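Q: Please see the structure below; I have some questions.
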Amino acid sequence: MENLKDVENSPNYTFVKGDIEDVDFLSALFQSHQFEGIIHLAAESHVDRSITNPLAFIRTNVLGTVNLLDAAVKHWKGNTQRFYHISTDEVFGSIEEPGLFTENTPYDPKSPYSASKASSDHFVRAYHNTYDLPILISNCSNNYGPCQFPEKLVPLCINNIKESSPVPVYGQGLNIRDWLYVEDHAAAIDLIYHKGLVGETYNIGGGSPCKNIDLVRSICRIMDEKLNRPIGQSESLITFVKDRAGHDLRYAIDSKKIIEDLKWQTTTTLEEGLRTTVAWYLENDSWLDHVTSGHYKNYYHLQYNKR
Ligand code: DAU
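To convert a position in the sequence shown, counted from 1, into this note's numbering, add 27.
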């Protein structure tokens with residue numbers, strides 16, 4: 028709820044807590060609200076969690092998405108509302124240099140998480156084909172920015188460096204990810220929802236490919252600077268740990284379609300985005316303290332203590 032504070036007094040905002048696995052809840056929700064469309068971001072999103080508990084990913088990402096699709100088909104009349112599914116570049120699997128994922132790259136998911144997102148993408152397209160539901164899909168690269176839960180690499184590093192705890196880098200840190208600043212992603216979602224062509228898929232990449240170890244070193248450098256620590260102090264916390272099972276080596280996105288067709292572009296470089304992100308976490312340490320208490324401690328212990 029803390030992440031929604033900025034909008035909580037907006038007249039066009041309503042918060043309803045519910046679970047997309049709950050068909051009755053969805054049915055009541057569709058009856059009480061005349062939705063003009065859906066932007067579907069509800070998902071189990073963390074690959075490491077999918078390795079320890081794949082069923083949770085099938086329930087939320089696959090069944091939950093099908094429940095939402097069913098509700099839209101049942102309650103929407105005239106097929107004018109748009110159902111927009113937010114997905115991931117991980118559905119394409121790993122790609123060797125210098126290849127890029129395009130919207131036509133065959134799906135080849137490799138983790139339980141990406142398999143569940145690939146499956147949900149297929150269901151969304153199937154509902155377009157079978158029931159004429161007006162759908163849109165986008166597949167994005169790695170998001171980072173303020174308010175991100177510190178299970179993900181960037182806020183996890185910031186939190187650990189702040190606490191002077193070891194910074195875990197999986198394997199040798201040679202995996203490559205493309206980094207997309209959250210506000211650039213939000214702008215792309217807004218464009219696709221309003222201007223995208225029904226039935227189409229759009230890839231959204233940050234245009235900032237980076238090896239994990241280089242990204243982590245950049246975060247260490249910025250943290251040293253912001254915390255007035257001697258250069259190199261944070262880097263000494265880097266600890267290479269056991270690799271993630273089935274770890275995809277490289278993701279790389281071609282965003283040509285959304286750039287050319289919808290005139291989208293990124294506005295934040297990786298260096299600027301990381302600086303803004305680090306500054307946000309340091310200014311909002313009560314937010315960080317809050318989300319890293321309780322369940323997070325158990326999660327962290329389970330994921331990292333035996334690595
Ligand atoms: O590519 C888009 C995807 O990006 C999204 O679909 C996922 O929902 C999102 O979680 C993210 O997946 P990743 O697995 O790439 O993100 P994560 O932050 O977990 O890890 C980024 C890279 O850093 C990855 O190669 C694994 C590595 N890593 C991660 C953690 C948490 C580490 O080396 N150490 C860590 O402690």
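For glycine and all other residues, C-beta sits at the position ideal for the given N, C-alpha and C. Source: prediction; values computed, not measured.
#1: Look up Ile66 in the DSSP assignment and give the residues it is bridged to.
#2: Going by DSSP, what residues sit across from Tyr197 in a beta bridge?
#3: Going by the CB atoms, is the gap between Gly223 and Cys380 shorter than 9 Å?
#4: Could you tell me the alpha carbon to alpha carbon distance between Leu289 and Gly226, rounded to whole angstroms?
#5: Could you tell me whether the region 208-222 touches the region 264-272, where touching means 3 or more Cβ pairs closer than 8 Å?
#6: Verify the contact flag: Cys247, CB atom, against every heavy atom of the ligand DAU, threshold strictly below 8 Å.
#7: Which residues have their C-beta within less than 6 Å of a heavy atom of the ligand DAU, listed in chain order?
#8: Could you pull the start and end residues of the alpha helix (DSSP H) that Ile240 belongs to?
#9: Which residue from Thr294, Asn325, Gly64, Val89 puts its Cα closest to that of Asp335?
#10: Would Asp275 pass as a contact of Ser147 if the rule is Cβ separation under 9 Å?
#11: Does DSSP put Tyr40 in a helix, a strand or coil?
#12: For Lys101, count the other beta carbons within 10 Å of its own beta carbon; 16 or more makes it buried, fewer makes it exposed. Which is it?
#13: Alpha helix (DSSP H) containing Ile188: first to last residue?
#14: Determine contact between the region 245-255 and the region 182-195, defined as no fewer than three beta-carbon pairs at a distance below 8 Å.
#15: Could you check which residue in Asp316, Leu163, Cys237 has the C-alpha nearest to that of Glu29?
#16: In chain order, what residues of the same chain have a beta carbon less than 6 Å from the beta carbon of Trp307, not counting five sequence neighbours either side?
#17: I'd like the ranges of any alpha helix (DSSP H) spanning at least 4 consecutive residues and lying wholly in the region 116-164.
#18: For a test of the three-state rule: what should DSSP assign to Thr303, helix, strand or coil?
#19: How far does the beta strand (DSSP E) with Arg76 in it extend, from its first residue to its last?
#20: For the putative contact between Asn239 and Trp206, defined by C-beta atoms under 8 Å, what is the C-beta separation to the nearest angstrom?
#21: On the DSSP bridge list, what partners appear for Leu207?
#22: Assuming the contact rule is C-beta atoms closer than 8 Å, Ile219 and Tyr111 should be a hit. Round their C-beta distance to whole Å, please.
#23: Rounded to the nearest angstrom, what separates Gln175 and Leu96 at their Cα positions?
#24: Verify whether the separation of the beta carbon atoms of Ala83 and Leu53 is less than 9 Å.
A: Taking the geometry as given:
#1: Its beta-bridge partners are Tyr111.
#2: The partner list for Tyr197 (beta bridge, DSSP) reads Val268.
#3: This structure does not reach residue 380, given that the chain is present from 28 up to 334, and the question cannot be answered.
#4: For the pair Leu289 and Gly226, the Cα-to-Cα distance works out to about 15 Å.
#5: With a cut-off of 8 Å on Cβ pairs, the region 208-222 is not in contact with the region 264-272, counting fewer than three such pairs.
#6: The beta carbon of Cys247 sits no closer than 8 Å to any heavy atom of the ligand DAU.
#7: In chain order, the qualifying residues are Ser72, His73, Val74, Thr115, Asp116, Glu117, Ser168, Asn169, Lys179, Leu180, Leu183, Pro195, Val196, Tyr197, Asn202, Arg204, Asn239, Arg271, Tyr278.
#8: 239-253 is the span of the alpha helix (DSSP H), which, as asked, contains Ile240.
#9: In this structure the chain extends from 28 to 334, so residue 335 is not present and cannot be described.
#10: Not in contact: Asp275 and Ser147 (Cβ atoms no closer than 9 Å).
#11: Three-state DSSP puts Tyr40 in coil, outside helix and strand.
#12: That one is exposed.
#13: In this chain, the alpha helix (DSSP H) harbouring Ile188 covers 180-189.
#14: The region 182-195 and the region 245-255 touch, with three or more beta-carbon pairs separated by less than 8 Å.
#15: By alpha-carbon distance to Glu29, the top candidate from Asp316, Leu163, Cys237 is Asp316.
#16: Spatial neighbours of Trp307 in its own chain (CB-CB distance under 6 Å, excluding positions within 5 residues in sequence) are listed in chain order as Pro173.
#17: If we require 4 residues or more, the alpha helix (DSSP H) runs fully inside the region 116-164 come out as 139-158.
#18: For Thr303, the three-state secondary structure derived from DSSP is helix.
#19: Residue range 74-79 is occupied by the alpha helix (DSSP H) that includes Arg76, with no beta strand (DSSP E) assigned at that position.
#20: Not quite, the Cβ-Cβ distance comes to about 11 Å (not below 8 Å), so this is no contact.
#21: Looking at the DSSP assignment, Leu207 forms a beta bridge with Asn170.
#22: Rounded, the Cβ-Cβ distance is 7 Å, consistent with contact.
#23: Going by the C-alpha atoms only, they are around 27 Å apart.
#24: The Cβ atoms of Ala83 and Leu53 lie no closer than 9 Å to each other.
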